[in-house]
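Asker: I am attaching a structure below and will ask some questions about it afterwards.
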Amino acid sequence: MDLPLPRLDLLIRAIQRCPVLGTGRDSEAHGWYPSHESGLVPESDLAPAAWIRPLLTEDSFQVRMTVPQGFEAYARIFFPFDEHLTWTEMARRNGRIAHALMEEETIQAAPGRHRAHPYWRMAPEQVEALLPILTRHASSPRGWFLLWEGFGDLDHQAFRPLPKARHPMRDYYLLSGPHVAYGEFPDDPNYWWPDDRAWCVCTDTDFHWAYIAGSAACIRDVLSVPVLDAYQTKPEDPAHGGMDTINNPRQTIPRP
Numbered sequence: 048m049d050l051p052l053p054r055l056d057l058l059i060r061a062i063q064r065c066p067v068l069g070t071g072r073d074s075e076a077h078g079w080y081p082s083h084e085s086g087l088v089p090e091s092d093l094a095p096a097a098w099i100r101p102l103l104t105e106d107s108f109q110v111r112m113t114v115p116q117g118f119e120a121y122a123r124i125f126f127p128f129d130e131h132l133t134w135t136e137m138a139r140r141n142g143r144i145a146h147a148l149m150e151e152e153t154i155q156a157a158p159g160r161h162r163a164h165p166y167w168r169m170a171p172e173q174v175e176a177l178l179p180i181l182t183r184h185a186s187s188p189r190g191w192f193l194l195w196e197g198f199g200d201l202d203h204q205a206f207r208p209l210p211k212a213r214h215p216m217r218d219y220y221l222l223s224g225p226h227v228a229y230g231e232f233p234d235d236p237n238y239w240w241p242d243d244r245a246w247c248v249c250t251d252t253d254f255h256w257a258y259i260a261g262s263a264a265c266i267r268d269v270l271s272v273p274v275l276d277a278y279q280t281k282p283e284d285p286a287h288g289g290m291d292t293i294n295n296p297r298q299t300i301p302r303p
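Counting from 48, one number per residue, gives the positions in the sequence shown under my numbering.
If you want it as structure tokens, here you go:
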């Protein structure tokens with residue numbers, strides 16, 4: 048049986064966190080905590096994050112349950128499948144329709160056939176493409192990050208003294224730092240925004256995608272980059288199982 052190759056980005060990060068081969072903490076012994084070189088700073092004052100929760104609609108199971116309302120435009124960025132296959136390409140190969148509300152189950156093979164699984168975080172090539180766009184649409188090279196306190200690879204002893212931003216579903220640690228430090232996190236931050244709040248990138252540990260809210264110009268730039276595999280959405284769109292009403296997951300797909 049052929050086994051899937053390991054994800055290169057995760058392998059690199061594992062090496063970086065090894066005390067012998069890399070420069071970070073030993074993740075097995077301590078877990079992740081930002082290094083001084085990363086520029087990331089865990090914050091004790093949660094005021095910069097207080098604006099988000101009032102703009103969420105709790106228990107709506109819509110985009111606005113995760114993403115703050117009030118922005119000009121919104122997009123959904125899909126994390127690729129194994130071998131960096133985009134959702135758009137997966138849908139095309141299987142005769143499905145790619146759209147903003149597609150689900151991994153509805154764009155793949157019929158029941159009983161092998162299923163691929165998408166990443167749980169943004170792929171390195173997506174981060175590389177997104178960073179210049181977001182930097183261009185912000186007035187500062189620095190921003191803020193909310194990181195879920197439940198991630199298993201954190202140094203919980205080091206983080207424990209810090210206060211947590213409390214949302215209905217999860218609690219988060221607040222960090223500040225340069226936008227380019229996004230790739231330093233062992234898991235994607237759940238919220239990421241610049242000092243001027245010109246945009247906000249949001250995801251959840253249960254999602255295989257991220258949402259981004261911003262100006263119309265910012266979202267146009269995001270939508271124009273194929274590797275981001277982004278589709279325009281809106282706050283009132285559903286964000287739950289069964290939201291894809293276009294593709295039928297039980298439909299038989301012709302073999303190529």
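Idealized CB from N, CA, C, for every residue including glycine.
Given a cut-off of 7 Å on the beta-carbon distance, is the pair H287 and P165 in contact?
Answerer: On the sequence shown, position 240 is the one that residue 287 refers to. On the sequence shown, position 118 is the one that residue 165 refers to. Their beta carbons are not under 7 Å apart, which means H287 does not touch P165 by this criterion.
Asker: Can you tell me which residues form a DSSP beta bridge with L193?
Answerer: The residue given as residue 193 occupies position 146 in the sequence shown. Bridge partners of L193: L221, Y238.
Asker: Report, in whole angstroms, the separation of the C-beta atoms of D291 and L148, which I expect to be a contact under 8 Å.
Answerer: For the purposes of this step, residue 291 is taken as the residue at position 244 of the sequence shown. For the purposes of this step, residue 148 is taken as the residue at position 101 of the sequence shown. Going by Cβ atoms, the distance from D291 to L148 rounds to 5 Å, so yes, they are a contact pair.
Asker: How long is the line joining the alpha carbons of L177 and G190, rounded to whole angstroms?
Answerer: The sequence position of residue 177 within the sequence shown is 130, counting from 1. The sequence position of residue 190 within the sequence shown is 143, counting from 1. Approximately 15 Å between the Cα atoms of the pair.
Asker: So, at 8 Å on beta carbons, what are the nonlocal neighbours of D200 in its own chain, with the 5 sequence-adjacent residues on each side left out?
Answerer: Stepping through the sequence shown from its first residue, residue 200 is reached at position 153. Excluding sequence neighbours, D200 sits near S74, G78, W79, P233, D234.
Asker: Would a C-beta distance cut-off of 7 Å place A120 and I266 closer than the cut-off?
Answerer: On the sequence shown, residue 120 is found 73 positions in, with the first residue counted as 1. On the sequence shown, residue 266 is found 219 positions in, with the first residue counted as 1. Yes, the Cβ-Cβ distance between A120 and I266 is below 7 Å.
Asker: Let me check you understand the geometry: is the CB of T133 closer than 6 Å to at least one non-hydrogen atom of the ligand HEM?
Answerer: Looking for the ligand HEM in the displayed structure turns up nothing, as the structure carries no ligands at all.
Asker: How close, in whole Å, do the beta carbons of L275 and Q173 come, if the pair is a contact with beta carbons under 8 Å?
Answerer: Taking the sequence shown and counting its residues from 1, one reaches residue 275 at position 228. Taking the sequence shown and counting its residues from 1, one reaches residue 173 at position 126. Contact flag correct, Cβ pair sits at about 6 Å.
Asker: By a C-beta neighbour count over all protein chains shown, 10 Å radius and 16 as the cutoff for buried, is D268 buried or exposed?
Answerer: In the sequence shown, the residue the question calls residue 268 occupies position 221. When all chains shown are included, D268 counts as buried.
Asker: In or out: I293 buried (at least 16 other Cβ within 10 Å) or exposed?
Answerer: As a first step, residue 293 must be located in the sequence shown, where it is residue number 246. Burial call: exposed.
Asker: Between the Cα of L87 and those of A260, W239, A163, spot the shortest distance and give me the residue it belongs to.
Answerer: For the purposes of this step, residue 87 is taken as the residue at position 40 of the sequence shown. Measuring from the Cα of L87, the nearest candidate turns out to be W239.
Asker: Going along the chain, which residues of its own chain have a beta-carbon closer than 8 Å to the beta-carbon of F192, five neighbours each way excluded?
Answerer: Position 145 of the sequence shown, counted from the start, is the residue given in the question as residue 192. Excluding positions up to five away in sequence, the list reads L87, L221, L222, S223, G224, Y229, F232, P236, Y238, W239.
Asker: Taking Cβ positions, are T280 and H226 nearer each other than 7 Å?
Answerer: Reading the sequence shown from its first residue, position 233 is the one you call residue 280. Reading the sequence shown from its first residue, position 179 is the one you call residue 226. Cβ distance not < 7 Å, so T280 and H226 don't count as in contact.
Asker: Whole angstroms are fine: how far does the CA of P101 sit from the CA of S85?
Answerer: Here the question's residue 85 lines up with position 38 in the sequence shown. Here the question's residue 101 lines up with position 54 in the sequence shown. Near 31 Å, if we compare the C-alpha coordinates of P101 and S85.
Asker: For T292, name the three-state secondary structure that DSSP assigns.
Answerer: Here the question's residue 292 lines up with position 245 in the sequence shown. T292 falls in the coil class under three-state DSSP.
Asker: Taking the DSSP output, what are the residues bridged to F128?
Answerer: Along the sequence shown, read from residue 1 onward, the residue named residue 128 stands at position 81. For F128, which the question treats as bridged, DSSP gives the partners L132, P165.
Asker: Can you tell me which of the three DSSP states G142 falls into?
Answerer: Taking the first residue of the sequence shown as position 1, residue 142 is located at position 95. If DSSP states are grouped into helix, strand and coil, G142 belongs with coil.
Asker: Quick one: give me the first and last residue of the beta strand (DSSP E) that I266 is part of.
Answerer: Position 219 of the sequence shown, counted from the start, is the residue given in the question as residue 266. Per DSSP, I266 belongs to no beta strand (DSSP E); it is in the alpha helix (DSSP H), 263-270.
Asker: Helix, strand or coil: how does DSSP classify L201 here?
Answerer: Taking the first residue of the sequence shown as position 1, residue 201 is located at position 154. In the structure shown, L201 sits in a strand (DSSP, three-state: E or B).
Asker: Should G289 be labelled buried (16 or more other beta-carbon atoms within 10 Å of its own) or exposed?
Answerer: For the purposes of this step, residue 289 is taken as residue 242 along the sequence shown, with counting starting at 1. The residue in question, G289, is exposed, as its Cβ has fewer than 16 Cβ neighbours within 10 Å.
Asker: Please classify W167 as buried or exposed, where buried requires at least 16 neighbouring CB atoms within 10 angstroms.
Answerer: On the sequence shown, position 120 is the one that residue 167 refers to. The residue in question, W167, is exposed, as its Cβ has fewer than 16 Cβ neighbours within 10 Å.
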